[in-house]
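In the working numbering, the protein residues as written are 260 to 720.
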């Protein structure tokens, strides 16, 4: 074997240079046969990849006024291919769960659910997801106010009398709970009228806050607050609380945009702030007993353009939101001051056949496109409002481009649209489109939304 290898090398050296590549190929083939003669395999076989079966799982819930979830079953899922052709239709079980097996790693699917708000008529909410991971545990939170089960809730409405240090004025009076109005009882007492609080029967009352900001007798800004998690009813129908926590004056950067901010504690919003452009300082509640678990959520929003067009009224906005345990980091929000690179005359990014393309807006991997539609019930012919939202990449084809199986007598691509909303998303913590679609599939509060920029284009006819 050694002598043959030497011979082959000698032959290579004798070939003319211009035929070297071709001759090396011939020798390579000869060498392969030589190896086979020395015990190598006479054929190359490859094992075909074994298909992996995956289970898609989606839970549909309806949440009542005290946060209790119940299964929502007025929903179905259309499993679709990459061109939005329907492969199968799946209905939920009695637990609001839709599940099926597939060999696909990513799928397109559309949810069709009954929807009803306030005292309005029942309509449809349609959501389409492009290139969704089949292994992501998905979730749908329904809106159907008339079907909410409030029997599992205990709700009370009483007044709150808040005692605090003397103030000569009330600039801001807020609470994490809903209340009707406030009254000044004395310089050191503020009354919150008709405060409503709800909890699960025999459960815990939610942690709630009450805030008063004003001026004291030396005309300095003062902020006082308190927390409460005990709202048992009493015969006086007034909860009496005392505010001890004082806000501290915090200096802001010399140049900043206007923004709003709240503190997130145990999943609820507290201490809302409205900060004006270039405001030099603010009163910040950053020394309360829940400060170590508090997250600051701030949002800056700018209207970049407002105009009328052939298509209707147009508003183009930008926003930036940040969530951080450090207040100054959250306050450093800056919405884009540049109008996105779009056709703001003909809005040709969305074609009549359902194709769309926002790839000219660099760095925004997801487009969330919603249509508000005028539709009618197929039997009663009564108005049945419908909203169709498409979650997809910056460029693609909308699900509305093809007939929606089972609903072609209600909505098509030609159905009259009263509004078109496009939101272009850029997450500074998202690594790629799959992070974006997974966030909207799962409906989770995750790092994806901790640093988020958006462009919003709304056209209203």
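Quick reminder that beta carbons are idealized off the backbone N, C-alpha and C, glycines included.
Of the listed residues the options, nearest to residue i (C-alpha basis)
| i | options | result |
| --- | --- | --- |
| residue 387 | 517, 340, 492, 497 | 340 |
| residue 570 | 584, 717, 450 | 717 |
| residue 721 | 408, 577, 391 | Only positions 260 to 720 of the chain appear in the structure, and residue 721 is not among them; the question remains open. |
| residue 645 | 486, 652, 636, 549 | 636 |
| residue 445 | 424, 497, 326 | 424 |
| residue 398 | 473, 364, 421, 331 | 331 |
| residue 486 | 544, 514, 462, 630 | 544 |
| residue 634 | 474, 526, 666 | 666 |
| residue 540 | 649, 400, 673, 516 | 516 |
| residue 470 | 605, 456, 308, 547 | 547 |
| residue 319 | 403, 309, 343 | 403 |
| residue 327 | 368, 407, 482 | 407 |
| residue 534 | 690, 435, 715, 556 | 556 |
| residue 512 | 504, 538, 530 | 538 |
| residue 561 | 366, 549, 504, 595 | 595 |
| residue 690 | 663, 622, 579, 393 | 622 |
| residue 530 | 536, 553, 510 | 553 |
| residue 627 | 585, 696, 579 | 696 |
| residue 346 | 551, 368, 657 | 368 |
Exposure of residue i, with buried meaning 16 or more beta-carbon neighbours within 10 Å
| i | result |
| --- | --- |
| residue 405 | exposed |
| residue 321 | buried |
| residue 337 | buried |
| residue 419 | buried |
| residue 640 | exposed |
| residue 432 | buried |
| residue 506 | buried |
| residue 494 | exposed |
| residue 499 | exposed |
| residue 684 | buried |
| residue 389 | buried |
| residue 608 | buried |
| residue 280 | Because residue 280 sits at a pLDDT of 36, beneath the cut-off of 50, its placement in the model cannot be relied upon, and the following sentence gives the value as read from the coordinates. With fewer than 16 Cβ atoms within 10 Å of its Cβ, residue 280 is classed as exposed. |
| residue 566 | exposed |
8 Å contact criterion, which residue i and residue j should meet: CB distance rounded
| i | j | result |
| --- | --- | --- |
| residue 492 | residue 415 | 6 Å |
| residue 624 | residue 692 | 5 Å |
| residue 391 | residue 334 | At roughly 16 Å, the Cβ-Cβ gap does not stay under 8 Å, so residue 391 and residue 334 are not in contact. |
| residue 687 | residue 710 | 4 Å |
| residue 411 | residue 323 | 7 Å |
| residue 484 | residue 468 | 6 Å |
| residue 504 | residue 564 | Actually they are not in contact, since the Cβ atoms of residue 504 and residue 564 sit about 42 Å apart, beyond 8 Å. |
| residue 459 | residue 437 | In fact, because the Cβ distance is near 18 Å, the residues do not count as touching under 8 Å. |
Cβ-Cβ distance between residue i and residue j below 8 Å
| i | j | result |
| --- | --- | --- |
| residue 659 | residue 613 | yes |
| residue 620 | residue 601 | yes |
| residue 508 | residue 480 | yes |
| residue 448 | residue 440 | no |
| residue 617 | residue 581 | no |
| residue 720 | residue 671 | no |
| residue 502 | residue 450 | no |
| residue 362 | residue 315 | no |
| residue 357 | residue 383 | no |
| residue 472 | residue 430 | yes |
| residue 518 | residue 590 | yes |
| residue 674 | residue 632 | yes |
| residue 642 | residue 380 | yes |
heavy atom of the ligand MG below 7 Å from residue i C-beta
| i | result |
| --- | --- |
| residue 653 | Because no ligand of any kind appears in the structure shown, any question about the ligand MG cannot be addressed here. |
- Message: Give the list of continuous beta strand (DSSP E) stretches no shorter than 3 residues that lie fully inside the stretch 583-656.
- Response: 614-616, 625-632, 645-652, 654-656
- Query: In the stretch 425-499, which residue ranges form an unbroken beta strand (DSSP E) of at least 3 residues, counting only runs that do not cross its ends?
  - Reply: 431-434, 440-445, 448-459, 467-474, 480-487
- Inside the stretch 505-570 only - beta strand (DSSP E) runs reaching at least 3 residues: 507-510, 518-524, 527-534, 540-543, 554-568
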